[in-house]
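Engineer:
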């Protein structure tokens, strides 16, 4: 058995914009394919070129797509009967980017696609992202780190835009 300690860097911003506006800005920048249909189409491809075409069709302007959305706040609100908290976890990525990282560091598949957390607090709407580079740093692959840094730049730039 092996246990490795992974130190993670968290990128975070606080926005004065309303929660719904931050979430809408984020979602408008990423593709939102029907995931059941998307995976059905990817499995039906006969070549990498066909697979790439299917993936490209599911991406938004940021070269990312939404894989899943978890309304964590809904569960908490149901428990308390309150209108707060508002917390959403968005799982986003790009299978072609993930492929490049996993090719060099198989464990990258544990960390991708990535998670963005948007939550409403008394001081504003917080957006958080755990940087992929920090997950992969201790593996020592310069190729995977280059891909991770590019992914981090895409996500942090998008979060900065959404928070403004």
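Numbering (our numbering), first residue to last: 76 to 239. Here a beta-carbon is modelled for each residue, glycine too, at the ideal position from N, C-alpha and C.
1) With respect to the alpha helix (DSSP H) encompassing residue 95, which residues constitute its N-terminal and C-terminal limits?
2) By Cβ distance below 6 angstroms, which residues in the same chain neighbour residue 151 in space, the five residues on each side in sequence not counted?
3) With a Cβ-Cβ cutoff of 8 angstroms, do residue 129 and residue 120 count as a contact?
4) Is the beta carbon of residue 165 sitting closer than 8 angstroms to the one on residue 101?
5) Which one or two residues does DSSP pair with residue 86 in a beta bridge?
6) DSSP state of residue 81, grouped into three classes?
7) According to the Cβ coordinates, are residue 288 and residue 86 closer than 8 angstroms?
8) Using only the alpha-carbon positions, how far apart do residue 84 and residue 162 sit?
9) Are the beta-carbon atoms belonging to residue 184 and residue 89 less than 8 angstroms from one another?
10) Out of 153, 215, 204, 115, which one is the CA nearest neighbour of residue 228?
11) Measuring only the C-alpha atoms, how far is residue 197 from residue 158?
12) Closer than 7 angstroms by C-beta to residue 54: which residues in its own chain qualify, once you throw out the five before and the five after it? Chain order, please.
13) What first and last residue would you give for the beta strand (DSSP E) that runs through residue 140?
14) Assuming residue 209 contacts residue 82 under a Cβ cut-off of 8 angstroms, what Cβ separation, rounded to an integer in Å, is found between them?
Structural biologist: From the atom records:
1) For this step, residue 95 is matched to residue 20 along the chain shown. Start and end: 94-104.
2) Residue numbering aside, residue 151 sits at position 76 when the chain shown is read from its first letter. Closer than 6 angstroms at the Cβ level, and outside the excluded window around residue 151, lie 160.
3) Along the chain shown, one-based indexing puts residue 129 at 54. Along the chain shown, one-based indexing puts residue 120 at 45. In contact: residue 129 and residue 120 (Cβ atoms closer than 8 angstroms).
4) The residue labelled residue 165 in the question sits at position 90 within the chain shown. The residue labelled residue 101 in the question sits at position 26 within the chain shown. Contact: yes.
5) Here residue 86 refers to the residue found at position 11 when the chain shown is read from its first residue. Residue 86 is bridged to 204.
6) On the chain shown, residue 81 is found 6 positions in, with the first residue counted as 1. Residue 81 falls in the coil class under three-state DSSP.
7) It is not possible to answer for residue 288, since the shown part of the chain is limited to 76 through 239.
8) Position 9 of the chain shown, counted from the first residue, corresponds to residue 84. Position 87 of the chain shown, counted from the first residue, corresponds to residue 162. Approximately 20 angstroms, taken between the alpha carbons.
9) Within the chain shown, the letter at position 109 stands for residue 184. Within the chain shown, the letter at position 14 stands for residue 89. The beta carbons of residue 184 and residue 89 sit no closer together than 8 angstroms.
10) Here residue 228 refers to the residue found at position 153 of the chain shown. Looking at the Cα atoms, 204 is the closest of the given residues.
11) Numbered from 1 along the chain shown, position 122 holds the residue referred to as residue 197. Numbered from 1 along the chain shown, position 83 holds the residue referred to as residue 158. Taking the straight line from one Cα to the other gives about 13 angstroms.
12) With the chain covering only 76 through 239, there is no way to say anything about residue 54.
13) Here residue 140 refers to the residue found at position 65 when the chain shown is read from its first residue. The continuous beta strand (DSSP E) containing residue 140 extends over residues 140-145.
14) Here residue 209 corresponds to residue number 134 of the chain shown, with the count starting at 1. Here residue 82 corresponds to residue number 7 of the chain shown, with the count starting at 1. Yes, they are in contact, since the Cβ atoms of residue 209 and residue 82 sit about 6 angstroms apart, within 8 angstroms.
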